[in-house]
Amino acid sequence: MLIPVERNRADEGQYEGAVVIEPTRGYYKEPVATLDFASLYPSIMMAHNLCYSTLVPLGKVKNHNPENLTKTPNGDYFVKIPIKKGIVPMILEDLIGARKRAK
0 MLIPVERNRA DEGQYEGAVV IEPTRGYYKE PVATLDFASL YPSIMMAHNL CYSTLVPLGK
60 VKNHNPENLT KTPNGDYFVK IPIKKGIVPM ILEDLIGARK RAK
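Note that numbering that gives the first Met the number 0 has the sequence shown beginning at 0, numbered continuously upward.
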């Protein structure tokens with residue numbers, strides 16, 4: 000998504016902060032690209048172990064202990080970290096660690 004920036008010569012040199020776009024809840028079948036790995040989406044994905052590798056198909060939810068699952072607002076279920084850590088949260092943690100080391 001591109002956001003046009005209107006510049007005024009009087010504002011040159013001033014910076015007020017980033018543009019924050021309200022997130023749309025849901026499970027995305029297509030990848031969501033992010034550039035700030037400490038932003039909202041990656042933070043939520045790491046905190047709740049949201050990943051394609053931890054998604055529990057709705058027909059298999061009853062085969063799991065409810066304490067081991069996280070239910071999203073959309074009604075999807077994901078296995079919690081102590082049971083199986085997701086691939087995407089692991090990659091995001093590695094990227095955050097690499098970013099901190101680079102700084």
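Where is the CB? At the ideal position from N, CA and C, for every residue including glycine.
*asked:* Excluding the 5 residues flanking S52 on each side, which residues of the same chain have their C-beta closer than 8 Å to its C-beta?
replied: Residue mapping note: residue 52 aligns to position 53 of the sequence shown, counting from 1. Hits under 8 Å: K83, G85, I86, V87.
*Taking V87 as part of the alpha helix (DSSP H), name the residues at either end of that continuous run.*
Residue numbering aside, residue 87 sits at position 88 when the sequence shown is read from its first letter. In the DSSP assignment, V87 falls within the unbroken alpha helix (DSSP H) covering 86–101.
*Can you tell me which of P56, H63, I43, G74 puts its alpha carbon nearest to the alpha carbon of E92?*
Locating residue 92 in the sequence shown gives position 93, counting from the first residue. Checking every option, the nearest Cα to that of E92 belongs to I43.
*Comparing alpha-carbon positions, which option in D75, T69, G74 lies nearest H47?*
Residue numbering aside, residue 47 sits at position 48 when the sequence shown is read from its first letter. Ranking the options by Cα distance to H47, first place goes to T69.
*What residues in its chain sit with their C-beta under 6 Å from that of R100, if we drop five residues either side in the sequence?*
On the sequence shown, position 101 is the one that residue 100 refers to. Cβ neighbours of R100 beyond the five flanking positions: none.
*With DSSP as the reference, label V19 as helix, strand or coil.*
Translated into positions along the sequence shown, residue 19 becomes position 20. Of the three classes helix, strand and coil, the one that applies to V19 here is coil, per DSSP.
*asked:* Which residue wins for smallest C-alpha separation from L57, given the options P41, V78, T23?
replied: One-based indexing of the sequence shown puts residue 57 at position 58. For the residues P41, V78, T23, the minimum Cα distance to L57 belongs to V78.
*How would you label P41, buried or exposed, when you count the other beta carbons within 10 angstroms and need 16 or more for buried?*
What you label residue 41 is simply residue 42 of the sequence shown in a count that begins at 1. P41 is buried by the Cβ-count criterion.
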